[in-house]
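>
Residue numbers (this note's numbering): 574 to 679.
#1: For residue 683, does the count of other Cβ atoms within 10 angstroms reach 16, so buried, or fall short, so exposed?
#2: Would DSSP call residue 678 helix, strand or coil?
#3: Mapping DSSP to helix, strand and coil, what is residue 574?
#4: Drop a sphere of 10 angstroms on the beta-carbon of residue 627, count the other beta-carbons inside from all chains shown, and report buried for 16 or more, exposed for fewer.
#5: Which word fits residue 653, buried or exposed, when buried means at least 16 other C-beta atoms lie within 10 angstroms of its C-beta?
#6: Start and end of the alpha helix (DSSP H) containing residue 669?
#7: Looking at the unbroken alpha helix (DSSP H) that takes in residue 635, where does it start and where does it end?
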């Protein structure tokens, strides 16, 4: 009984292996037809920066922000990120480091 079960499992495993290989062939053909580039390249590295307390930073750095921060917090947050980005760009430009920066809203 165990011999029959073992043979059945071996045959079933072989069938599954054959199905996986066929699926890989189909996917490769589809990618070739659609001109999809190879995915074997290394992933792109991205640096993310988050200001932990933008309101406190704005209040500490700017007199006008002390007044605006409580009334217009969204605008103050945006201004903080814009200023941080501007300062980082200046610092990196001084060190001759080419970067592409943008603010991403999530």
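Using N, Cα and C, we set each Cβ at its ideal position, and we do this for glycine too. Computed from a predicted structure; not experimentally measured.
By the coordinates alone:
#1: The requested residue 683 is not part of the displayed model; the chain covers only 574 to 679.
#2: coil
#3: coil
#4: buried
#5: buried
#6: From DSSP, residue 669 is part of no alpha helix (DSSP H); its letter is neither H nor E.
#7: Careful: residue 635 lies outside any alpha helix (DSSP H) and carries neither H nor E.
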